[in-house]
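Heads up: the sequence lines are chains A and B, in that order. Count along the first sequence starting at 1, add 70, and that's the number in my numbering. Count along the second sequence starting at 1, add 1005, and that's the number in my numbering.
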Amino acid sequence: MTLESHAETAAKSGFAGRSPGVRRAILVLSRVWAWIFLVALILIFTMTTKIYQQVDFLTVRNSQNILVEIVPVLLMGLGQTFVIIAGGIDLSVGWVMGMASVVSATVIVALLPTGIGEGLSILFGFAAGLITAMIPGFINGVIIAKLKIPSFIVTLGMSFIARGIAYLISGGNVVIGMPLGVRNFGNESLIYLQGGNVYFLQRPDVTGIALRSLDRVFTYPVVVAAIVVGIAIFVLRKTRFGRHTYAIGGSAEAASRAGIRVDRHTIILYTLSGLTVGLAGVLHTARFNGGSPIAGDPLLLSSIAAVIIGGVSMFGGHGNIVGTVIGALIIALLTTGLVMLNVQPFWQYIVVGVVVILAVLIDQGRDLIIGRMKAE
Amino acid sequence: MEPLLSVKGLVKKFGGLVAVNHVDFDVYPGEVVGLVGDNAAGKSTLIKCISGVYQAEAGEIYFEGKPVRFSLPIEARDAGIETIYQDLALAGNLNVSANIFMGREVEKPYLGGLVKVLDEKFMLRESEKVLNTLDIRFPSLIEEIDKLSGGQRQAVAIARAMYWQARMMIMDEPTNNLGVVEQRKVIEIIQHLRDQGIPVILISHTLPDVFAVTNRIVVMHRGRKVTEKLTAETNSQEIVQYMVGALDDTRAA
Chain A
71 MTLESHAETA AKSGFAGRSP GVRRAILVLS RVWAWIFLVA LILIFTMTTK
121 IYQQVDFLTV RNSQNILVEI VPVLLMGLGQ TFVIIAGGID LSVGWVMGMA
171 SVVSATVIVA LLPTGIGEGL SILFGFAAGL ITAMIPGFIN GVIIAKLKIP
221 SFIVTLGMSF IARGIAYLIS GGNVVIGMPL GVRNFGNESL IYLQGGNVYF
271 LQRPDVTGIA LRSLDRVFTY PVVVAAIVVG IAIFVLRKTR FGRHTYAIGG
321 SAEAASRAGI RVDRHTIILY TLSGLTVGLA GVLHTARFNG GSPIAGDPLL
371 LSSIAAVIIG GVSMFGGHGN IVGTVIGALI IALLTTGLVM LNVQPFWQYI
421 VVGVVVILAV LIDQGRDLII GRMKAE
Chain B
1006 MEPLLSVKGL VKKFGGLVAV NHVDFDVYPG EVVGLVGDNA AGKSTLIKCI
1056 SGVYQAEAGE IYFEGKPVRF SLPIEARDAG IETIYQDLAL AGNLNVSANI
1106 FMGREVEKPY LGGLVKVLDE KFMLRESEKV LNTLDIRFPS LIEEIDKLSG
1156 GQRQAVAIAR AMYWQARMMI MDEPTNNLGV VEQRKVIEII QHLRDQGIPV
1206 ILISHTLPDV FAVTNRIVVM HRGRKVTEKL TAETNSQEIV QYMVGALDDT
1256 RAA
């Protein structure tokens, strides 16, 4: 015997009330709209930049610039995706990233004169950046899990604390004096393209105009970020840890009754968020050849926007990593494309804002349609 | 026959309020016991003492002949006492199979044992099996719980308890908020459990449901057990009189 579907509260919405076929189409569209939007953006910018500015949008250089640009936003967004799926939010990521950047640079500067060598100094410096970023994450997790204070408040407070620490360590300045290895790690790449030649791992010895036309494909930070993205996708989709993350976001009460150690899981989630943010900070130090306390602050809201555009529900329980990657790409494409079109850069904020709101509207529209379908 | 669950002289106080006042009661294998009473009669508190949510101030609980003291719900569940709560304790964003295996997911080695991944196929297959034993069919086991009806969700919660070899089940108002057809289905599932030898404690306001499925009825009033009747030897008028306090066996004795 099949259980009869029982009428639930009927959703009231104009466009959700169309015929089943239309509704199903809207439903499918609402799931893949971000992909379509991404492709559409590329097409539109390719055409408009060609027509109005006579430049190519889809170039190796451009694509690599966009990838380099999204690394910090994406890394912040990864930990954030896990945290938000589990029903929380981490507002501390911006200043924790700055703190990690400053700590890694400071440790490297301090270790260099000790004579342990450039390689080890950089290694310990980066490790110090990662570990110090995990500490505020861990503390966030403990306070949220054990003292039951909303994540919004705890991580907001932690954001100020990390900001203070970042400024105290750096004296409010950029920490400079990095050895060459740091900048190389942040800027050199797996593949080089120059005048039709392809070089692997070894930068061709060119100067002047030839150096300027040298294209770096897959710089090390991009490679590192890609690996971390791969791991995050795997963990969230395939492992028990990922499943528990969704379960907690769906109902922490149910998860706890089912024997999931919700407190422990929450603490791990915020600590991991710290780790990915720490990685963003360390990579910032490498890319810009110095530790900057303000490295992450402007990126916090972009990272949350990327997560939302990617379809992660702010109420928890829904979303995935691929969505966040697409979200980050959409933001970066918009920014780059508008700049290339010579539109005043301030417009990019307005466009991103509109897209964020649209993304949530589309998600809600989908929920309304599902509600309607259930009611019938 | 030995009782599976035996509660003796259980007392639970909240400050000055005695929510459960020296209650004794037994549950035998293969029976359904109805636990009824007006609001604030102490039914839910009694159940929560048994399932480890609350700890009683006095009295003993014996399960399978051994004294037990559960300090957490998970301990009661590990012992085989499953409680199906009113709010169901399911994660609405997960599918049927993921809910049945929630917290006890089955993994398989991956990349030569380097890491472990969820064994979705196994969990789907097992979920289907246990739903079949309860004679429940779903259009799809990968449907999110949120998209199912109240009765279907109730069925998932019961199936989960079944799969994890519950020795006894406690159901708190399982037919609340359900349509007529689904209420009947839940009653059928309870009968199914009883036939398979799993006793059920059924807490309900709906007397017709209680009479439809129970062997015995325990009535509570203001924290005390006021009577215990074989379902076949009583009727709803009598039970209602006990529920409102008009009749009281302990007072007569």
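Every residue gets a Cβ at the ideal spot worked out from N, C-alpha and C, and that includes glycine.
- By how many angstroms is the C-alpha of Arg-93 (chain A) removed from the C-alpha of Ala-404 (chain A)? The residue asked about is misnamed: residue 404 (chain A) is Leu in this sequence, not Ala. Cα to Cα, the separation comes out at about 30 Å.
- Message: Taking CB distances under 8 Å as the criterion, tell me whether Glu-1112 (chain B) reaches chain A.
- Response: yes
- Identify the residues that DSSP records as bridge partners of Ile-1175 (chain B): which are they? B:Thr-1088, B:Ile-1206
- With 8 Å as the limit, tell me which residues of the segment 1159 to 1179 of chain B have their beta carbon closer than that to any beta carbon of chain A; keep them in chain order. Ala-1160
- Going by the CB atoms, is the gap between Gly-168 (chain A) and Gly-27 (chain A) shorter than 8 Å? Because chain A is modelled from 71 through 446, residue 27 (chain A) falls outside the range shown and cannot be assessed.
- Task: Evaluate Thr-129 (chain A) with the Cβ neighbour count: other Cβ atoms within 10 Å of its Cβ, from every protein chain shown; 16 or more gives buried, anything less gives exposed.
- Result: exposed
- Listed from N- to C-terminal order along the chain, which residues in the segment 319 to 353 of chain A have their beta-carbon within a distance smaller than 8 Å of any beta-carbon of chain B? Gly-319, Gly-320, Ser-321, Glu-323, Ala-324, Ala-325, Arg-327, Ala-328, Gly-329, Ile-330
- Message: Please state the DSSP three-state secondary structure of Phe-198 (chain A).
- Response: The residue asked about is misnamed: residue 198 (chain A) is Ala in this sequence, not Phe. Three-state DSSP puts Ala-198 (chain A) in a helix.
- Query: Any C-beta of chain B sitting closer than 8 Å to the C-beta of Ile-216 (chain A)?
  - Reply: Strictly speaking, residue 216 (chain A) in this sequence is Lys, with Ile absent from that position. Not one chain B Cβ lies under 8 Å of Lys-216 (chain A).
- Message: I need the DSSP call for Gln-414 (chain A), collapsed to helix, strand or coil.
- Response: coil
- Message: Tell me which residues share the same chain as Gly-1047 (chain B) and place their Cβ nearer than 6 Å to its Cβ, disregarding the 5 neighbours each side in the sequence.
- Response: Ala-1024, Val-1025, Met-1225, Gly-1228
- Query: Terminal residues of the continuous alpha helix (DSSP H) containing Leu-1200 (chain B)?
  - Reply: The identity of residue 1200 (chain B) in the sequence shown is Asp, whereas the question assumes Leu. Element bounds for Asp-1200 (chain B): 1185 to 1200.
- Closest Cβ-Cβ distance between Met-1107 (chain B) and chain A: below 8 Å? yes
- Proximal chain A residues relative to Gly-1097 (chain B), where beta-carbon distance stays under 8 Å: Gly-320, Ser-321, Gly-387
- Going straight from the alpha carbon of Ile-239 (chain A) to that of Thr-184 (chain A), what length do you get? 20 Å
- Message: Taking only three categories from DSSP, how would you classify Glu-1149 (chain B)?
- Response: strand
- Task: Classify Leu-204 (chain A) as buried or exposed, calling it buried when 16 or more other Cβ atoms lie within 10 Å of its own Cβ.
- Result: The identity of residue 204 (chain A) in the sequence shown is Met, whereas the question assumes Leu. The residue is buried, with at least 16 neighbouring Cβ atoms inside 10 Å.
- Per-residue DSSP class, three states only, for Leu-263 (chain A): strand
- Message: For a test of the three-state rule: what should DSSP assign to Ile-1141 (chain B), helix, strand or coil?
- Response: coil
- Task: Name the two residues that bound the continuous beta strand (DSSP E) containing Gly-1228 (chain B).
- Result: Taken as a continuous stretch (DSSP letters only), Gly-1228 (chain B) belongs to no beta strand (DSSP E), as it is neither H nor E.
- Message: If the cut-off is 7 Å on Cβ atoms, which residues from the segment 1060 to 1080 of chain B count as contacting chain A, listed in chain order?
- Response: Pro-1078, Ile-1079
- Pick from B:Arg-1109, B:Asn-1098, B:Phe-1106, B:Lys-1017 that is closest to Ile-1066 (chain B), judged by C-alpha positions: B:Lys-1017
- Query: In chain order, what residues of the same chain lie with their CB nearer than 7 Å to the CB of Tyr-316 (chain A), ignoring the 5 residues before and after it?
  - Reply: Ile-155, Gly-387
- Message: Measuring only the C-alpha atoms, how far is Gly-1118 (chain B) from Arg-310 (chain A)?
- Response: 15 Å
- Query: If we count Cβ pairs, one from each stretch, closer than 8 Å, do we get three or more for the segment 129 to 147 of chain A versus the segment 281 to 292 of chain A?
  - Reply: yes
- Would you mind working out which of B:Leu-1010, B:Gly-1021, B:Val-1041 sits nearest Thr-1236 (chain B), comparing C-alpha positions? B:Val-1041
- Message: Output needed in chain order: residues of the segment 1225 to 1238 of chain B with a Cβ under 9 Å from some Cβ in chain A.
- Response: none
- Message: Just checking: is the beta-carbon of Gly-112 (chain A) within a distance shorter than 8 Å of some beta-carbon in chain B?
- Response: A small correction: the amino acid at residue 112 (chain A) is Ile; Gly does not occupy that position in the sequence shown. Output row for Ile-112 (chain A): interface = no.
- Are the C-beta of Val-1122 (chain B) and some C-beta of chain A separated by less than 8 Å? yes
- Tell me the DSSP bridge mates of Arg-286 (chain A)? A:Tyr-262
- Item | Reduced DSSP category for Leu-979 (chain B) - H, G, I as helix; E, B as strand; rest coil | As shown, chain B starts at 1006 and ends at 1258. That puts residue 979 (chain B) outside it, with no answer to give.
- Leaving out five residues before and five after Ser-83 (chain A) in sequence, what residues of the same chain have Cβ atoms less than 7 Å from its Cβ? Confidence at Ser-83 (chain A) is low in this model, with a pLDDT of 39, below 50, so the placement of that residue is unreliable and no value is reported for it.
- Could you tell me if Asp-1140 (chain B) is buried or exposed, where buried requires 16 or more neighbouring beta carbons within 10 angstroms of its beta carbon? exposed
- Looking at the unbroken alpha helix (DSSP H) that takes in Ala-59 (chain A), where does it start and where does it end? For chain A, the structure presents residues 71 to 446; residue 59 (chain A) sits outside this window and is missing.
- Any C-beta of chain B sitting closer than 8 Å to the C-beta of Lys-120 (chain A)? no
- Task: Indicate whether Arg-1221 (chain B) and Lys-1234 (chain B) have their beta-carbon atoms separated by less than 8 Å.
- Result: yes
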